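Plus 58 on top of the position in the sequence shown (first one is 1) and you've got the working numbering.
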Amino acid sequence: MGGKTRLQVRADMRLDLKDSGALWSDAELDRCLEQAISDLSRMLPLEKVFEQRLGFTVSAEAFTTPVDVSTDRIVADEDISGFSAGSTATIDGQPDVPRPLTVTLTDANNSITGMTVIIKGMDENEKGITETFHYSTGDAKTSTGKKYFKYVYEVEVDQIAGQGAADVLDIGIGDFEDVWVSLA
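Following this line, the structure appears as structure tokens:
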């Protein structure tokens, strides 16, 4: 509209509408003009920009990344030779950031023929989660989970067969470079 008065705008509207002055009253044209300006203002609001530049010196800058792989951060060297179905391991620590867990079985004489470990905890959204790990004779003795644990509340040996002396269970954390994690 480029600086036009209301009278000039109304005259231009009458010209566009081919109105000689008898079809539309001034009040109706003013009301339509107000409505059009109001609608346009909602679609294209008046935006104001405020810039402020801050300048300061940073000294002793630090950057924290998640802890590297730890095979026994959650459960460390738990002797499972006396475990039976339903036994729980001692929790020694927690993940530093939400990430998958690893289960490592040390069975030097290969006496364990089957074992099921259930880990219970919370995910990154603090919702309860459970992950189950199974081991049978011939399987790898280290497994990496798929669920992201923020907290671990319980590590239960749900089923175990053939355990003997020097059988050890470790629960740790996976490599932070292999998974999507937030920086600590």
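By construction, the Cβ of each residue, glycine as well, lies at the ideal position given by its N, Cα and C atoms. This structure is a prediction, so every number in the text was calculated from the model and none was measured.
Between the alpha carbons of Gly-172 and Gly-230, how many angstroms are there, rounded?
The residue you call residue 172 lines up with position 114 of the sequence shown. The residue you call residue 230 lines up with position 172 of the sequence shown. Cα to Cα, the separation comes out at about 20 Å.
According to DSSP, is Ser-99 helix, strand or coil?
Translated into the one-based positions of the sequence shown, residue 99 becomes position 41. Helix.
Those residues which DSSP pairs with Thr-162 across a bridge
Residue numbering aside, residue 162 sits at position 104 when the sequence shown is read from its first letter. DSSP, once it has assigned bridges, lists Thr-200 and Asp-228 as partnering Thr-162.
Given 8 Å, three or more beta-carbon pairs between the region 130-140 and the region 189-204
no
Can we say the region 143-152 touches the region 205-220, given the rule of at least three CB pairs closer than 8 Å?
yes
So, using beta-carbon positions, are Asp-154 and Pro-124 closer together than 7 Å?
To locate residue 154, count along the sequence shown from 1; it is residue 96. To locate residue 124, count along the sequence shown from 1; it is residue 66. For Asp-154 and Pro-124, yes; Cβs fall inside 7 Å.
Is Val-67 helix, strand or coil when you go by DSSP?
Stepping through the sequence shown from its first residue, residue 67 is reached at position 9. Note: Val-67 maps to helix in three-state DSSP.
7 Å CB neighbourhood of Asn-167 in its chain, flanking five on each side removed:
Counting from one through the sequence shown, the residue named residue 167 turns up at place 109. So the qualifying residues of the chain are Gly-222.
Just confirm the distance between the C-beta atoms of Asp-88 and Arg-111, as a whole number of angstroms; I'd bet it's less than 8 Å.
Counting from one through the sequence shown, the residue named residue 88 turns up at place 30. Counting from one through the sequence shown, the residue named residue 111 turns up at place 53. Not really, about 45 Å apart at Cβ, beyond 8 Å.
List the endpoints of the continuous beta strand (DSSP E) containing Phe-191.
The residue you call residue 191 lines up with position 133 of the sequence shown. Counting along the chain, the beta strand (DSSP E) containing Phe-191 begins and ends at 186-194.
Please report the residue range of the beta strand (DSSP E) in which Ile-132 lies.
Position 74 of the sequence shown holds residue 132. Note, Ile-132: beta strand (DSSP E), 128-137.
What does DSSP give as the partner residues of Tyr-209 in its beta bridges?
If you number the sequence shown from 1, residue 209 lands on position 151. Answer is Met-180, bridged to Tyr-209.
To the nearest angstrom, report how far apart Ala-224 and Met-180 are at their CA atoms.
Walking along the sequence shown from the start, residue 224 turns up at place 166. Walking along the sequence shown from the start, residue 180 turns up at place 122. Taking the straight line joining both Cα atoms gives about 31 Å.
Tell me the rounded alpha-carbon separation between Ala-242 and Thr-122.
Taking the sequence shown and counting its residues from 1, one reaches residue 242 at position 184. Taking the sequence shown and counting its residues from 1, one reaches residue 122 at position 64. Only weak support exists for where Ala-242 lies, its pLDDT of 49 falling under 50; the value from the coordinates is given anyway. Using only the alpha carbons, I get a separation of about 6 Å.
In chain order, what residues of the same chain lie with their CB nearer than 6 Å to the CB of Thr-164, ignoring the 5 residues before and after it?
Counting from 1 along the sequence shown, the entry for residue 164 is found at position 106. Closer than 6 Å at the Cβ level, and outside the excluded window around Thr-164, lie Val-226.
Residues bridged to Ile-246 by DSSP?
Residue coverage of the chain in this structure runs from 59 to 242, which leaves residue 246 outside it and unanswerable.
Assuming the contact rule is C-beta atoms closer than 8 Å, Thr-188 and Ile-176 should be a hit. Round their C-beta distance to whole Å, please.
Here the question's residue 188 lines up with position 130 in the sequence shown. Here the question's residue 176 lines up with position 118 in the sequence shown. Thr-188 to Ile-176, Cβ: 6 Å. Contact.
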